[in-house]
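One gets my numbering by counting positions in the sequence shown from 1 and adding 323 to each.
Note that CB positions come from ideal geometry on N, CA and C, so glycine has one too.
Because the structure is a prediction, the values reported are computed rather than measured.
What follows is a single structure, written as structure tokens, with notes after it.
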Amino acid sequence: MVENLSFVLNWKMGKSYSDTIFWLSENRLNLLNLARKTGHEFVLCPSFESLESVVKTLEETGIKIGAQDCSSYNLGAYTGEVSAVSLKEVGCDYCIIGHSERRHIFGQTSLDVAKKAKLLFENNIMPIICVGETEDEKKDGLTFEVISQQLDPIMEIIAIDKIGKDKIKTLVIAYEPVWAIGTGNVPDLAYLNKIVTWLEAYFSVSAPGLKTKILYGGSIDPETVKRVSQARAISGFLVGRASLDFQTIEKIVLSI
Ligand code: PGA
């Protein structure tokens with residue numbers, strides 16, 4: 324068994340508030356047992372309105388809580404936005420940013436994502452920074468160019484503003500090829516290894532000395548995870564649809 328993996332359970336808008344409360348009443352203990360038995364880290368990411376209840380229900384259990392996004396602004400007249408400060412006050416440990424659904428459906432730019440990263444680091448919330456290419460970009464051989472464009476503004480903001488190494492303990496990157504999300508397709512091992520090697524080289528130049536963790540996300544299920552987990556230097560998985568059901572999560576975790 325591979326040890327010390329992170330499983331980020333990205334529920335997206337897959338559960339309403341009452342679905343979330345019900346899921347926890349059924350599965351809280353199961354999740355704790357799975358975490359204890361395996362020693363893996365679990366990060367549950369429900370939608371905003373459920374965060375506070377989920378934090379309270381999972382207090383002192385070691386299960387981490389993540390938001391699915393945050394504002395690129397700190398405070399002010401930004402209707403519908405949720406600040407990093409609020410997320411910290413509610414008790415979030417993590418926040419997913421730059422998810423392809425935010426980029427492609429809601430038009431978020433890489434500069435927005437960089438501003439979010441900065442605010443999250445400043446508020447001691449660990450950003451989970453999603454990057455990845457579309458199918459067309461892959462076909463056109465633009466994968467590395469696209470990932471660079473997604474990461475460069477973050478590295479600049481982190482460097483220019485000198486947030487400080489004490490705030491940035493680890494950089495968590497989720498490689499999520501857009502063509503793999505919700506499609507049932509996952510990259511083959513050679514492709515994934517190439518991406519991981521490229522990311523390592525990128526960070527060794529742009530953030531030397533900084534600890535990085537690379538997660539993979541996109542169509543993880545009990546079958547695909549066996550293949551994908553053979554890639555080198557993958558520290559965990561961002562799981563979307565398959566994370567809505569506890570039995571499926573358990574199968575994924577135990578099949579590695
Ligand atoms: P999926 O989603 O597992 O349903 O493909 C992953 C994600 O979007 O984070």
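query: For K549, which residues of its own chain have a beta-carbon under 6 Å away from its beta-carbon, when the five flanking residues on both sides are left out?; result: S578
query: Give the straight-line distance between the Cα atoms of G403 and D459, rounded to the nearest whole angstrom.; result: 32 Å
query: Taking Cβ positions, are A407 and L434 nearer each other than 8 Å?; result: no
query: Enumerate in chain order the residues of its own chain whose CB-to-CB distance from T493 is below 6 Å, with the five nearest sequence positions on each side excluded.; result: K534 and K536
query: Could you pull the start and end residues of the alpha helix (DSSP H) that L332 belongs to?; result: Where L332 is concerned, there is no enclosing alpha helix (DSSP H), although the beta strand (DSSP E) it sits in stretches over S329 to N333.
query: If you measure from each CB to the nearest heavy atom of ligand 1 and keep those under 6 Å, what residues do you get, in chain order?; result: N333, E499, I504, G505, G540, G541, S542, I543, L561, V562, G563, R564 and A565
query: Closest by CA to R564, which one among L515, K360, C368 and A358?; result: C368
query: Using beta-carbon positions only, say whether V405 and E375 come within less than 8 Å of one another.; result: no
query: Would you list the one or two residues that DSSP bridges to L494?; result: T535
query: Taking DSSP's pairing of strands, which residues face M449 in a bridge?; result: Y417
query: Within a Cβ cutoff of 7 Å, which residues of the same chain sit near G507, ignoring the five residues on either side of it in sequence?; result: S542
query: Hey, could you find the ends of the beta strand (DSSP E) E364 is sitting in?; result: E364 to C368
query: Hey, which unbroken runs of the alpha helix (DSSP H) at 4 residues or more fall wholly within the stretch 349–395?; result: 374–380
query: Which same chain residues end up closer than 7 Å to F467 when comparing Cβ atoms and leaving out the 5 residues on each side of it in sequence?; result: W521
query: How big is the Cα-Cα spacing for T384 and S341?; result: 21 Å
query: Quick one: is D392 buried, meaning 16 or more other Cβ sit within 10 Å of its Cβ, or exposed?; result: buried
query: Pick from K338, G505 and Y539: whose alpha carbon is nearest that of N580?; result: This structure cannot settle anything about residue 580, because the visible part of the chain is limited to 324 through 579.
query: Using three-state DSSP, classify L465 as helix, strand or coil.; result: coil
query: Pick out whichever of T361, K360, L354 and Y396 has its Cα sitting closest to the Cα of G380.; result: Checking the sequence shown, residue 380 turns out to be Thr, not Gly. Among T361, K360, L354 and Y396, the Cα nearest to that of T380 is on L354.
query: Helix, strand or coil for L561, going by three-state DSSP, please let me know.; result: strand
query: Quick one: give me the first and last residue of the alpha helix (DSSP H) that R426 is part of.; result: S423 to H427
query: Helix, strand or coil for V509, going by three-state DSSP, please let me know.; result: coil
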